[in-house]
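Accompanying notes for the structure given below.
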Amino acid sequence: MTTATDSPVRTDDPGQNSGGPFALSHLDALEAESVHIFREVAGEFERPVILFSGGKDSIVMLHLALKAFAPAPVPFSLLHVDTGHNFPEVIAYRDRVAAEHNLRLHVAHVQDFIDDGRLRERPDGTRNPLQTVPLLDAIESNRFDAVFGGGRRDEEKARAKERVFSLRDEFGAWDPRRQRPELWSLYNGRHAVGEHVRVFPLSNWTELDVWQYIEREGIELPEIYYAHERDVFARSGMWLTAGEWGGPKDNEPVERRLIRYRTVGDMSCTGAVDSDATTIQAVIAEIAASRLTERGATRADDKLSEAAMEDRKREGYF
Amino acid sequence: MSTTIETTATSLLRFATAGSVDDGKSTLVGRLLHDSKSVLADQLEAVEHASRNRGQETPDLALLTDGLRAEREQGITIDVAYRYFATPRRRFILADTPGHVQYTRNMVTGASTAELAVVLVDARNGVVEQTRRHAAVAALLRVPHVVLAVNKMDLVDYAEPVFAAIAAEFTAYAASLGVKDVLAVPISALAGDNVVEPSAHMDWYGGPTLLEHLETVPVGSDPSAEPARFPVQYVIRPQTEEHPDYRGYAGQLASGVLRVGDPVTVLPSGLTTTVAGIDALGRSTDIAWAPQSVTVRLTDDLDISRGDLLAAGPAPAPTKDIEATVSHLNERPLRAGDKVLLKHTTRTVRALVKEISYRIALPTKPGDTLEQRSGAEGLNVNDIGHVVLRTAEPLALDTYSANRRTGSFLLIDPADGTTLTAGMAGEAFETVRTTDAPDAPQEEDWV
Ligand SMILES: Nc1nc2c(ncn2[C@@H]2O[C@H](COP(=O)(O)OP(=O)(O)OP(=O)(O)O)[C@@H](O)[C@H]2O)c(=O)[nH]1
Ligand SMILES: [Mg+2]
Chain Z
1252 MTTATDSPVR
1262 TDDPGQNSGG
1272 PFALSHLDAL
1282 EAESVHIFRE
1292 VAGEFERPVI
1302 LFSGGKDSIV
1312 MLHLALKAFA
1322 PAPVPFSLLH
1332 VDTGHNFPEV
1342 IAYRDRVAAE
1352 HNLRLHVAHV
1362 QDFIDDGRLR
1372 ERPDGTRNPL
1382 QTVPLLDAIE
1392 SNRFDAVFGG
1402 GRRDEEKARA
1412 KERVFSLRDE
1422 FGAWDPRRQR
1432 PELWSLYNGR
1442 HAVGEHVRVF
1452 PLSNWTELDV
1462 WQYIEREGIE
1472 LPEIYYAHER
1482 DVFARSGMWL
1492 TAGEWGGPKD
1502 NEPVERRLIR
1512 YRTVGDMSCT
1522 GAVDSDATTI
1532 QAVIAEIAAS
1542 RLTERGATRA
1552 DDKLSEAAME
1562 DRKREGYF
Chain L
1082 MSTTIETTAT
1092 SLLRFATAGS
1102 VDDGKSTLVG
1112 RLLHDSKSVL
1122 ADQLEAVEHA
1132 SRNRGQETPD
1142 LALLTDGLRA
1152 EREQGITIDV
1162 AYRYFATPRR
1172 RFILADTPGH
1182 VQYTRNMVTG
1192 ASTAELAVVL
1202 VDARNGVVEQ
1212 TRRHAAVAAL
1222 LRVPHVVLAV
1232 NKMDLVDYAE
1242 PVFAAIAAEF
1252 TAYAASLGVK
1262 DVLAVPISAL
1272 AGDNVVEPSA
1282 HMDWYGGPTL
1292 LEHLETVPVG
1302 SDPSAEPARF
1312 PVQYVIRPQT
1322 EEHPDYRGYA
1332 GQLASGVLRV
1342 GDPVTVLPSG
1352 LTTTVAGIDA
1362 LGRSTDIAWA
1372 PQSVTVRLTD
1382 DLDISRGDLL
1392 AAGPAPAPTK
1402 DIEATVSHLN
1412 ERPLRAGDKV
1422 LLKHTTRTVR
1432 ALVKEISYRI
1442 ALPTKPGDTL
1452 EQRSGAEGLN
1462 VNDIGHVVLR
1472 TAEPLALDTY
1482 SANRRTGSFL
1492 LIDPADGTTL
1502 TAGMAGEAFE
1512 TVRTTDAPDA
1522 PQEEDWV
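The listed protein sequences correspond, in order, to chains Z and L. As numbered in the numbering used here, the first sequence has no gaps in its residue numbers, which increase by one up to the final residue, 1569. As numbered in the numbering used here, the second sequence has no gaps in its residue numbers, which increase by one up to the final residue, 1528.
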């Protein structure tokens, strides 16, 4: 770059001009903080792993990790808990990206646990809560000591309470009343054998920040995040994809609609939203104008009870 | 998120609430989010539903942030909640902290990264012990801006004299802590007066609403006015065919500006070298400034690893003897003779607590100042005090007053990894009375 030293403002980012010559745009500030977190983990842990689902938050996490260690490769492997009800487009994306960056991908299959009796299918067919056991099993058997999650504090009121470095006991459990103080940017990752630390580099990002960053960085996403036609049916006030996972039931008529996914998870509980946003700019405009939160619009599992997320997190969920 | 967000909005203010239990912090946060149209329909619906279940007629806005089961059951905040909102003028990261004395450590967590603290006071009760404690913590952490929000004005008939008396007492106390400018705002978090909209009940108040102030208070420091500090986090050595000889030092600038060609000192070794190149997350550049995360290449092949500090400008002299003001965060007392781990920037070393020089006693009535109590046997949870430490290896510390990032550290229990104490190198308060009253076990001890 040929910027003169007396005017260090990057011309490629018009958002920087309002706060003096050394201002950082909010995206640059968030990026710098996340990269710092990745490097702290690389410096202090033996066996870190990135939870990589092929969803937008985990894609942004991986993108940040790639930038944090460039031109060297990312010093972590990837872990995905496959519910068996994942979107095929997302699984294809996951495999392509892992191969492209030469990263080791561990996959824990919920189906294996159902097959050998360690887990039982739920009456409602959703497999989202079933992910915790395979996740903890993978962490234990691979002796992962730091596990990066893409959780953001703006997603949910229990997540809003969690530290960036979140200690899990030997049962993988989170105790919200016994969180360590976390001051400045000094992260304490010390843990006993058998314990691990969940690390949330995107803690301070909002959904809109994630999308704006995806636009700025030109990051490719699985196509289901953009508007497309799909066979869907209505359940619990949201559009679910018709498929082998157990939907629709007889009284649930299937129709073809123009939709997109705002979050990506288990097909049985991730709803699509009506949308004609086929470009990243259109998606950003749609989110900025939305009167519903991302989880409120798309997740059946969080409507179960007031403290559904806290309860799942206590047991070791993402 | 409001529909009026400009996608180019840039400046970011991190702020925290503070003040005694039930003074209305979470209600204020809920009001701020609600009236700035940052609460989405499903969130509001959930709060209305939860409020009805609790037999309340109007939605309890505190439920927007009191997200833990135990918090909702007890109607208090236990741990910090972080919330995010934006107005056309600014983006905000807000930490709603607990007022209960038992959870002071969580308030310390929330305030440590804040650039502004909103200290709430219940207009009926005025400044109480916990108000003084939180104000002292905010001053200790050097939160640059403090706002006093005199809340529940609806319960005192919106009377100016009530507000004026509290504002005068608090401002005098804050000045004794070294906090120079305090803005006092009379509000009702419940009714919304002077939070986002100006109050119709308090004509006598001519100042800004709380949100107006949050939107316009100057933030950020000027990196060009500070010496550069770059703690090395990680050494990047790809050793690939494409980059066989690349060696870069990854880190985040803690302060200042680094340019290609700048001479730098490597601490604690004291060796000097020159910045050969800067890679800003994959893109080569010739200048970087705090708080950017970058990778620095140097002209000389020196032995540098995680924990070293690259410094330009006046560099701190590495030392094994540290004097610091500390805030003790754990139920286990901190005593002279304790062996701990000290985490400073990217370096963790063994350390010995040589001496608890004194505990700082907070004033208990208007007009009193902070007082040193020497001869303290140890520091109990929530105590603020002054200690002398000896480390196994030299550290390059700035004073906390000069640099929040390179002047701060944690003490950690080597046995189980618990975070024990937050440390700030140097003297925190210039105004502590040095009468050296002996430390008797205190009834008003912070437990
Ligand atoms: N009348 C009146 N009541 C208020 C006002 N603000 C808060 N309250 C009430 O005061 C009580 C405590 O409010 P919270 O917001 O939970 O207090 P807090 O400061 O967050 O408490 P902790 O987080 O536990 O320290 C609730 O019953 C509120 O409804 C106000 O402006 N006027
Ligand atoms: Mg509260």
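Beta carbons: idealized from backbone N, C-alpha and C, even for Gly. The structure displayed is predicted, hence computed values, not measured ones.
On a CA-only basis, which of the options is nearest residue i? Give me that one, please.
i	options	result
Z:Ala-1350	Z:Leu-1329, Z:Glu-1503 and Z:Tyr-1476	Z:Leu-1329
L:Ala-1217	L:Asp-1419, L:Phe-1490, L:Glu-1452 and L:Gly-1394	L:Glu-1452
L:Pro-1169	L:Arg-1486, L:Ala-1442 and L:Thr-1297	L:Thr-1297
L:Ala-1281	L:Asp-1262, L:Val-1300, L:Gly-1498 and L:Ala-1240	L:Ala-1240
Z:Leu-1356	Z:Asp-1367, Z:Leu-1459 and Z:Val-1332	Z:Val-1332
Z:Glu-1425	Z:Arg-1410, Z:Trp-1435 and Z:Glu-1282	Reading off the sequence, residue 1425 of chain Z comes out as Trp, not Glu. Nearest C-alpha to Z:Trp-1425: Z:Arg-1410.
Z:Glu-1297	Z:Arg-1394, Z:Thr-1377, Z:Gln-1382 and Z:Val-1415	Z:Arg-1394
Z:Asn-1455	L:Arg-1172, L:Ala-1331 and L:Val-1202	L:Arg-1172
L:Asp-1389	L:Val-1200, L:Glu-1412, L:Leu-1258 and L:His-1425	L:His-1425
L:Leu-1541	L:Val-1462, L:Ile-1247, L:Gly-1273 and L:Leu-1423	Missing from the structure shown is residue 1541 of chain L; chain L here goes from 1082 to 1528 and no further.
Z:Met-1518	Z:Val-1483, Z:Phe-1273 and Z:Thr-1530	Z:Val-1483
Z:Arg-1563	Z:Leu-1418, Z:Thr-1383, Z:Ala-1528 and Z:Val-1534	Z:Thr-1383
L:Val-1430	L:Gly-1156, L:Ser-1482, L:Asp-1123 and L:Ile-1493	L:Ile-1493
Z:Phe-1327	Z:Ala-1540, Z:Ala-1316, Z:Asn-1337 and Z:Thr-1334	Z:Ala-1316
Considering just the uninterrupted stretch of the alpha helix (DSSP H) at residue i, what are its terminal residues?
i	result
L:Pro-1242	1241-1257
Z:Pro-1339	1339-1351
Z:Thr-1383	1383-1392
Z:Arg-1403	Per DSSP, Z:Arg-1403 belongs to no alpha helix (DSSP H) and is neither H nor E.
Z:Ile-1535	1531-1540
L:Ala-1281	Looking at the DSSP string, L:Ala-1281 is not in any alpha helix (DSSP H), and its letter there is neither H nor E.
L:Arg-1133	1122-1134
Z:Leu-1459	1458-1468
L:Ser-1336	Premise fails: L:Ser-1336 is in no alpha helix (DSSP H) and is neither H nor E.
Less than 7 Å between the C-beta atoms of residue i and residue j, yes or no?
i	j	result
L:Ala-1477	L:Pro-1397	yes
Z:His-1447	Z:Asp-1396	yes
L:Leu-1348	L:Ala-1392	yes
L:Thr-1290	L:Pro-1304	no
Z:Arg-1507	Z:Glu-1480	yes
L:Ala-1099	L:His-1215	yes
L:Ala-1509	L:Ser-1408	no
Z:Ala-1478	Z:Ser-1526	yes
Z:His-1314	Z:Ile-1470	yes
L:Thr-1376	L:Thr-1355	no
L:Ser-1269	L:Asn-1484	no
L:Ile-1317	L:Gly-1329	yes
Z:Glu-1474	Z:Arg-1513	no
L:Glu-1250	L:Val-1208	yes
L:Pro-1299	L:Gly-1394	no
For residue i and residue j, what's the separation of their Cα atoms in angstroms?
i	j	result
L:Val-1161	L:Asp-1103	15 Å
L:Met-1505	Z:Gly-1516	44 Å
L:Asp-1402	L:Val-1468	11 Å
L:Val-1227	L:Ser-1117	21 Å
L:Leu-1094	Z:Tyr-1568	31 Å
L:Gly-1363	Z:Asp-1367	46 Å
Z:Val-1358	L:Thr-1353	48 Å
Z:Glu-1561	L:Ser-1257	42 Å
L:Gly-1342	L:Val-1277	49 Å
L:Glu-1458	L:Ala-1496	22 Å
L:Ser-1101	L:Gln-1211	5 Å
Z:Ala-1343	Z:Phe-1303	13 Å
What is the C-beta distance between residue i and residue j, in whole angstroms, given that I count them as a contact (C-beta under 8 Å)?
i	j	result
L:Gln-1314	Z:Gly-1440	Not confirmed; about 13 Å, so no contact.
L:Ile-1359	L:Leu-1339	7 Å
L:His-1324	Z:Pro-1322	5 Å
L:Lys-1233	L:Thr-1158	With a Cβ gap of about 17 Å, L:Lys-1233 and L:Thr-1158 do not count as contacting.
L:Arg-1486	L:Ala-1432	Not confirmed; about 19 Å, so no contact.
L:Ala-1230	L:Leu-1201	5 Å
Could you pull the start and end residues of the beta strand (DSSP E) that residue i belongs to?
i	result
Z:Tyr-1196	Nothing in the structure corresponds to residue 1196 of chain Z, since chain Z is present only between 1252 and 1569.
Z:Ala-1397	1397-1399
Z:Glu-1480	1479-1486
Z:Lys-1500	Unbroken run through Z:Lys-1500: none, as it is neither H nor E.
Z:Arg-1202	This structure cannot speak to residue 1202 of chain Z, because chain Z is shown only from 1252 to 1569.
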